[in-house]
Amino acid sequence: MSVDLTNSWSEDAMTRTDAPTNWARNTVFRARRVRRPASLDELRQIVASSDRVRALGTGHSFNRVADTTGDLVRLDALPGEVTVGPGRRHAVVAAGLRHAEVATRLHAQGLALANLASLPHISVAGACATGTHGSGSALQGLAGSVAALDLLTPDGGTLRLTRDDPAGRFDGAVVALGALGIVTAVVLDVEPAFEIAQWLQTGVPLDAIAADTAAVFGSAYSVSAFTDWRSGTATVWQKRRTDREGGDRPALLAAGAEHADRPLHPIPGMPPTYCTEQLGTPGPWHERLPHFRPEFTPSSGDELQSELLLPFEAAAEAVAAVRGLGERMAGALQISEIRTVAADDLWLSPAYGRDSIALHFTWTSDVQAVLPLIAAVEERLLPLGARPHWGKLTCADPADLAARFPRAADFAALAGELDPKGVFRNDLTEALFPAAA
Ligand SMILES: Cc1cc2nc3c(=O)[nH]c(=O)nc-3n(C[C@H](O)[C@H](O)[C@H](O)COP(=O)(O)OP(=O)(O)OC[C@H]3O[C@@H](n4cnc5c(N)ncnc54)[C@H](O)[C@@H]3O)c2cc1C
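According to this note's numbering, the sequence shown is numbered sequentially starting from 1.
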C-alpha cells in the first residue's frame, strides 16, 4: 500500500482554505467532520455511533498521524480537570489539556512533572501518543510519566489501564498513535516542585560533543545542543536543578566555548523574548524546562520538522554522518537540536529499550527542498538503528519503520483486540500495523 507519510503540500491545501489543518499547515485533515464535545457523555455517543473516529490534540504533529476520513474529535471543550491524588505522588489530568495549563495548575499546588518538551503548547494526550520527549540523560519521554490512562473504546465504554495491568497491555497503550481509542484522562507521576537555572554556552565544538557525549549531556538535568552542523560548533543549553545541582554557572564544556552573555533563541535571528528565561536566573520548573514561552509562537512558526532517535552509543557516528551533510542542508535547515532520552518500556516509544540520542531538524517550510534532505539524513542514520519521531516527517517505508520497534507485532495484536473493526485506524496506522487477514 502506498501511504502519504511525508505529507507534501496537496491540492487540498491550496483550495480548501476552510478545512482544518495541523499547526504547520502542511497537512489538511481529510475528516468529514470535526467534533468538539462538551461532556464525556457526548464524546461517548460520538464514538459509539461513528464508523471512523480519531482524537486530535493541538495539531502540532507534522504528518498525518492524527488524520481520519471520519470524525475528528477535539477534547478541549471537555471539563479540564487536574486532580492531585491523596499521597501527592500522582495527578489525574484531563487528556486534552495543554502542558502549559497542567504545569501551572500543578505548580500552584507545589508539584511538578519531571520533564517537558521544548514547547508547552501541546496537549498531554497528543504528546504521549507520539512519544514526545524533552531532553535529559536520566529522563524518559513524557509518556514515561503516565501511571494509568482511561481509554474510550469503540462502544463508548471506558477501559482503565494501569502500569500493573495484569494482561500487560499498558506498555502498548501509552504511545499508541491514537490507534487504540480516545484517551480521556491520564494519571501522571508528580513530584515536589523544583527550580531550574538555565545557562547557555556558545561555540562548543561538535568534536568535543562527539568525543564525550555522556559528559556533555550529563552536565545538567536537561541539556540541548543546537547546531547548524556547518559551523562545527553548537550552543549548549544547560538546565540545572538548583536543588540537586546548585545555582552556580556550569564550567565551560570545552576549549573554544564561551558563556552566553545575553539571552538567545535557538534559531539565529529570532527574538529571545519568545524563550524561557536564561542567564542562570532560577525559576519554576515549568518556566525553564521548555525552551519556548506559552504566550508566544514556539520555534519559528514557519517550518517543517523531522527527528530520529538512535542508540546512545551511536552518538559519535551519527554526529559525524550528519556533519557530512552540513553544506547540503544550508538554506533549508533553520537549526538542529541534539538531545538525550532515557530508555523506557513503552512498545512504540522511539526510546523503547535503549538510552537514546535524538537528532532533530527544524527545516524551512519549503517541502520540495526539505524532503530530499530528510531522505538523505535517513539514508545515513537508519542503518545506525534510528527510529523516526511519530509526530514528525519521515521518508522511511512504513514496513521498515514498524520493524524498528521490537513489539510492533504485539501492538498490532493489541489494536486488533481493542478495536476489532478498526474504528480508530487511519491510513498511517494501517500501513504500519496491518490488521491480520
Ligand atoms: C514547534 C514544535 C516544537 C516541538 N517540539 C517537540 C519536542 O521538544 N519534543 C518532541 O518530542 N516533539 C516535539 N514536537 C512534536 C510534538 O510534540 C508532537 O507532534 C505531539 O504529538 C504534538 O501534540 P498534539 O497535542 O499537537 O498532538 P496531535 O498532533 O494533535 O496528535 C498526535 C497524535 O496523538 C493522537 N491523540 C491526540 N489526542 C489524543 C487522545 N485524547 N487520545 C488518543 N490519541 C490522541 C492523535 O490521534 C495523533 O495520532 C514539536 C512540534 C512543534 C510544532
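Note that CB positions come from ideal geometry on N, CA and C, so glycine has one too.
Keep in mind that this is a model prediction, so the values were computed, not measured.
Short Cβ contact (8 Å threshold) for ASN63 with LYS392
Locating residue 63 in the sequence shown gives position 63, counting from the first residue. Locating residue 392 in the sequence shown gives position 392, counting from the first residue. LYS392 is positioned such that its CB atom lies closer than 8 Å to that of ASN63.
Buried or exposed by the 16-neighbour rule on C-beta atoms within 10 Å, applied to ASP344:
Residue numbering aside, residue 344 sits at position 344 when the sequence shown is read from its first letter. Label assigned to ASP344: buried.
Where THR429 falls: helix, strand or coil (DSSP)
On the sequence shown, position 429 is the one that residue 429 refers to. It is helical.
State the Cα-Cα distance for the pair ALA185 and LEU149, rounded to the nearest angstrom.
Mapped onto the sequence shown, residue 185 falls at position 185. Mapped onto the sequence shown, residue 149 falls at position 149. Cα to Cα, ALA185 sits roughly 6 Å from LEU149.
Classify GLY168: buried if its beta carbon has 16 or more other beta carbons within 10 angstroms, exposed otherwise.
Locating residue 168 in the sequence shown gives position 168, counting from the first residue. Under this definition GLY168 is an exposed residue.
For ALA77, which of HIS90, VAL84 and GLY57 has the nearest alpha-carbon?
Here residue 77 is taken as the residue at index 77 of the sequence shown, counted from 1. Selected option, being the one with the closest Cα: GLY57.
Within the continuous alpha helix (DSSP H) that includes LEU373, where are the two ends?
Residue 373 sits at position 373 when you count from the first residue of the sequence shown. That run of the alpha helix (DSSP H) goes 367-381.
TRP319: first and last residue of the uninterrupted beta strand (DSSP E) it sits in:
Against the sequence shown, residue 319 aligns to sequence position 319. Here residue 319 is Val; the residue named in the question, Trp, does not match the sequence. For VAL319, no beta strand (DSSP E) run applies; the uninterrupted alpha helix (DSSP H) run containing it begins and ends at 315-323, by DSSP.
How would you label GLY85, buried or exposed, when you count the other beta carbons within 10 angstroms and need 16 or more for buried?
If you number the sequence shown from 1, residue 85 lands on position 85. Result: exposed.
Test item: CB-CB of VAL73 and LEU43 under 8 Å:
As a first step, residue 73 is located in the sequence shown; it is residue number 73 there, counting from the start. As a first step, residue 43 is located in the sequence shown; it is residue number 43 there, counting from the start. VAL73 is a Cβ neighbour of LEU43, given a cutoff of 8 Å.
Taking the alpha helix (DSSP H) that ALA19 falls in, what are its first and last residues?
Taking the sequence shown and counting its residues from 1, one reaches residue 19 at position 19. Here ALA19 belongs to no alpha helix (DSSP H), and DSSP marks it neither H nor E.
Quick check on the burial criterion: 16 or more other C-beta atoms within 10 angstroms. Buried or exposed for LYS421?
In the sequence shown, the residue the question calls residue 421 occupies position 421. The residue in question, LYS421, is exposed, as its Cβ has fewer than 16 Cβ neighbours within 10 Å.
What number of angstroms, rounded off, separates the C-alpha of ARG262 from the C-alpha of THR153?
Counted from its first residue, the sequence shown places residue 262 at position 262. Counted from its first residue, the sequence shown places residue 153 at position 153. Here the alpha carbon of ARG262 sits roughly 51 Å from the alpha carbon of THR153.
Euclidean distance between Cα positions of PRO20 and SER50:
Here residue 20 is taken as the residue at index 20 of the sequence shown, counted from 1. Here residue 50 is taken as the residue at index 50 of the sequence shown, counted from 1. If I take the Cα positions, the gap works out to 19 Å.
Report whether the distance from the Cβ of LEU75 to the nearest heavy atom of ligand 1 is below 7 Å.
Here residue 75 corresponds to residue number 75 of the sequence shown, with the count starting at 1. Yes - ligand 1 has a heavy atom lying nearer than 7 Å to the Cβ of LEU75.
Could you check what DSSP says for ILE335 in three-state terms: helix, strand or coil?
Taking the sequence shown and counting its residues from 1, the one referred to as residue 335 is at position 335. Here ILE335 carries a strand assignment [DSSP, helix/strand/coil].
Any idea which residues DSSP pairs LYS239 with across the strands?
Mapped onto the sequence shown, residue 239 falls at position 239. BP columns for LYS239 point to GLN198 and SER222.
Nearest by alpha-carbon distance to ALA215: which of ALA138, PHE170, LEU325 and GLY110 is it?
Mapped onto the sequence shown, residue 215 falls at position 215. Of the candidates ALA138, PHE170, LEU325 and GLY110, the one whose C-alpha sits nearest the C-alpha of ALA215 is ALA138.
Compute the distance between the beta-carbons of ALA409 and LEU180, then report whether it is under 8 Å.
Start at 1 with the first residue of the sequence shown, and residue 409 comes out as number 409. Start at 1 with the first residue of the sequence shown, and residue 180 comes out as number 180. If you check the CB distance, ALA409 and LEU180 do not come in under 8 Å.
Cβ of VAL175 within 8 Å of Cβ of SER349?
As a working note, residue 175 is residue 175 in the sequence shown. As a working note, residue 349 is residue 349 in the sequence shown. Yes, the Cβ-Cβ distance between VAL175 and SER349 is below 8 Å.
For the beta strand (DSSP E) holding PRO398, just list the boundary residues, first then last.
Stepping through the sequence shown from its first residue, residue 398 is reached at position 398. Run containing PRO398: none in the beta strand (DSSP E); it sits in the alpha helix (DSSP H), 398-403.
Cα-Cα, which of ASP41, LEU401, HIS107 and ASP212 is closest to LEU75?
In the sequence shown, counting from the first residue as 1, residue 75 sits at position 75. From the listed residues ASP41, LEU401, HIS107 and ASP212, the smallest Cα separation to LEU75 is found for ASP41.
Of the residues GLY331, ARG380 and HIS259, which one's Cα is nearest the Cα of ASP228?
Position 228 of the sequence shown holds residue 228. Among GLY331, ARG380 and HIS259, the Cα nearest to that of ASP228 is on GLY331.
Measuring from the CB of PRO271, is there a heavy atom of ligand 1 at a distance below 7 Å?
Residue numbering aside, residue 271 sits at position 271 when the sequence shown is read from its first letter. PRO271 Cβ: outside cutoff for every heavy atom of ligand 1.
Compare the Cα-Cα distances from VAL322 to each of TRP285, GLU378 and GLY59 and report the closest residue.
Position 322 of the sequence shown holds residue 322. Among TRP285, GLU378 and GLY59, the Cα nearest to that of VAL322 is on GLU378.
For chain D, find out if any of its Cβ atoms is closer than 8 Å to the Cβ of GLY156; answer yes or no.
Here chain D cannot be found, since the structure has a single protein chain.
Output the distance between the C-alpha atoms of VAL53 and ALA129, rounded to the nearest integer angstrom.
Counting from 1 along the sequence shown, the entry for residue 53 is found at position 53. Counting from 1 along the sequence shown, the entry for residue 129 is found at position 129. When only Cα atoms are considered, VAL53 and ALA129 end up about 16 Å apart.
Give me, in chain order, the residues of the same chain whose beta-carbon lies closer than 6 Å to that of ALA412; leave out the 5 immediate sequence neighbours on both sides.
Numbered from 1 along the sequence shown, position 412 holds the residue referred to as residue 412. Close CB contacts of ALA412 within its chain, under the 6 Å cut and outside five residues either way in sequence, are with PHE433 (chain order).
Should ILE122 be listed as close to ligand 1, given that the test is whether its C-beta is under 7 Å from any heavy atom?
Here residue 122 refers to the residue found at position 122 when the sequence shown is read from its first residue. Inclusion of ILE122 in the 7 Å shell around ligand 1 follows from its C-beta lying nearer than that to a non-hydrogen atom of the ligand.
Got a sec: does ligand 1 put a non-hydrogen atom nearer than 7 Å to the Cβ of VAL53?
Looking up residue 53 in the sequence shown gives position 53. Not a single heavy atom of ligand 1 lies less than 7 Å from the C-beta of VAL53.
Inter-residue spacing [alpha-carbon to alpha-carbon] between HIS360 and GLU287:
Within the sequence shown, the letter at position 360 stands for residue 360. Within the sequence shown, the letter at position 287 stands for residue 287. Approximately 22 Å, taken between the alpha carbons.
Is the beta carbon of HIS265 within less than 7 Å of some heavy atom of ligand 3?
Absence of ligand 3 from the depicted structure is noted, with ligand 1 being the only ligands included.
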